[in-house]
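Each residue of the sequence shown is one higher than the last, beginning at 40 in the working numbering.
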Amino acid sequence: MKKRISKITILCIVILSAIACKKENDSNNIDYSKYKIKQAIRHRGTIDTTIYYYNGENTDEYSAYNNTTTKYLRKYIKNGNQFDLEFYSNSVKTHEGISILNAQGFIDSSRLTYIPTMSFNNRSKSYFDANGFAIRDINDYNSYINDVKKFYTAAGDFKYWIYDIYYPATPADNQRDSIVFEFDLSKPLHVLFEFALQERYGKPNQHLVTKRLTYNTLAGNVLKSTREYKYEVDANGLVTKRINTSYSQPGDILTTSDTTYYSYYMN
40 MKKRISKITI LCIVILSAIA CKKENDSNNI DYSKYKIKQA IRHRGTIDTT IYYYNGENTD
100 EYSAYNNTTT KYLRKYIKNG NQFDLEFYSN SVKTHEGISI LNAQGFIDSS RLTYIPTMSF
160 NNRSKSYFDA NGFAIRDIND YNSYINDVKK FYTAAGDFKY WIYDIYYPAT PADNQRDSIV
220 FEFDLSKPLH VLFEFALQER YGKPNQHLVT KRLTYNTLAG NVLKSTREYK YEVDANGLVT
280 KRINTSYSQP GDILTTSDTT YYSYYMN
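In structure tokens:
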């Protein structure tokens, strides 16, 4: 009798293991290229909603915020080796510009013009390594310049940034921060969900970021702020909820916190 029970037990274990393996294999066989971000609803005292619509390689991004009646539309229109940019506020075009694609298919330069004054709102330039990771981004906002150099782990995630802010008119105000990242290696990043055309700005991180720590390198690498991320994912591993909490340092003093809910299209 003991032998029969032992055999039955072993058989059950084998069956359950086979089922678990099949589920894991099914998950690994999901074609995540068929998924795109559809909607992001952020709660931060107010409720902000962004909805994405796709037509081939074109993307429309609609945003509405509870604290204003203004509705925003950003159009990204594929045109040869570039995207034409059109930004609207309550159906009135406020900005226009272009984003140029390099040979890898990534956006390596952009410019945006503020239509009422026909002045550049900002200009940007990005650099990539042979694997497609963005290693430097320079954004010129006229009165100041952001220059971010990015470094990666062997797992393909951000390791740290060197973040310089230059003020051409007042160099004494220049800043340099070092931003260090932590990731959850048990949670792969399957589908991008943060902003339109995110896939065009270089190869993405391979996992979900859980923390970023910002150090003031001009003051002896003093920790000045931290940001923590918590997630919920669905059965396919797609992020459905993210809690983003920021603290000033020292002292872990809460500065902001918001929760965003995500949904997706499947082709």
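For glycine and all other residues, C-beta sits at the position ideal for the given N, C-alpha and C.
Pull up the distance between the alpha-carbon of residue i and that of residue j, whole angstroms please.
i: residue 120; j: residue 166; result: 17 Å
i: residue 271; j: residue 226; result: 10 Å
i: residue 201; j: residue 217; result: 5 Å
i: residue 144; j: residue 239; result: 7 Å
i: residue 260; j: residue 248; result: 22 Å
i: residue 102; j: residue 139; result: 24 Å
i: residue 179; j: residue 185; result: 7 Å
i: residue 151; j: residue 132; result: 12 Å
i: residue 291; j: residue 244; result: 27 Å
i: residue 125; j: residue 250; result: 34 Å
i: residue 254; j: residue 205; result: 17 Å
i: residue 233; j: residue 93; result: 16 Å
i: residue 127; j: residue 89; result: 14 Å
i: residue 275; j: residue 289; result: 38 Å
i: residue 69; j: residue 98; result: 24 Å
i: residue 74; j: residue 146; result: 21 Å
i: residue 224; j: residue 273; result: 17 Å
i: residue 215; j: residue 191; result: 19 Å
i: residue 117; j: residue 111; result: 20 Å
i: residue 293; j: residue 210; result: 31 Å
i: residue 306; j: residue 170; result: 27 Å
i: residue 182; j: residue 161; result: 10 Å
i: residue 91; j: residue 176; result: 25 Å
i: residue 257; j: residue 220; result: 19 Å
i: residue 155; j: residue 142; result: 34 Å
According to DSSP, is residue i helix, strand or coil?
i: residue 258; result: helix
i: residue 79; result: strand
i: residue 72; result: helix
i: residue 121; result: strand
i: residue 238; result: helix
i: residue 291; result: coil
i: residue 227; result: strand
i: residue 211; result: helix
i: residue 305; result: strand
i: residue 168; result: coil
i: residue 283; result: strand
i: residue 183; result: coil
i: residue 136; result: strand
i: residue 97; result: strand
i: residue 154; result: coil
i: residue 206; result: coil
i: residue 159; result: strand
i: residue 145; result: coil
i: residue 222; result: strand
i: residue 233; result: coil
Determine the contact status of residue i and residue j, defining contact as a CB-CB distance below 8 Å.
i: residue 222; j: residue 203; result: no
i: residue 134; j: residue 115; result: no
i: residue 189; j: residue 174; result: yes
i: residue 96; j: residue 113; result: no
i: residue 130; j: residue 149; result: no
i: residue 242; j: residue 159; result: no
i: residue 87; j: residue 104; result: yes
Give the C-beta separation of residue i and residue j to the nearest angstrom, bearing in mind that I take them to be a contact with Cβ-Cβ under 8 Å.
i: residue 122; j: residue 236; result: 7 Å
i: residue 208; j: residue 246; result: Wrong, their Cβ atoms sit about 40 Å apart, outside the cutoff.
i: residue 304; j: residue 277; result: The pair is not a contact, with the Cβ atoms about 11 Å apart (cut-off 8 Å).
i: residue 76; j: residue 231; result: 7 Å
Three-pair Cβ contact test at 8 Å for the region 251 to 266 versus the region 275 to 290: The answer is yes - the region 275 to 290 touches the region 251 to 266, with three or more Cβ pairs under 8 Å.
Three CB pairs or more closer than 8 Å across the region 80 to 89 and the region 290 to 306: yes
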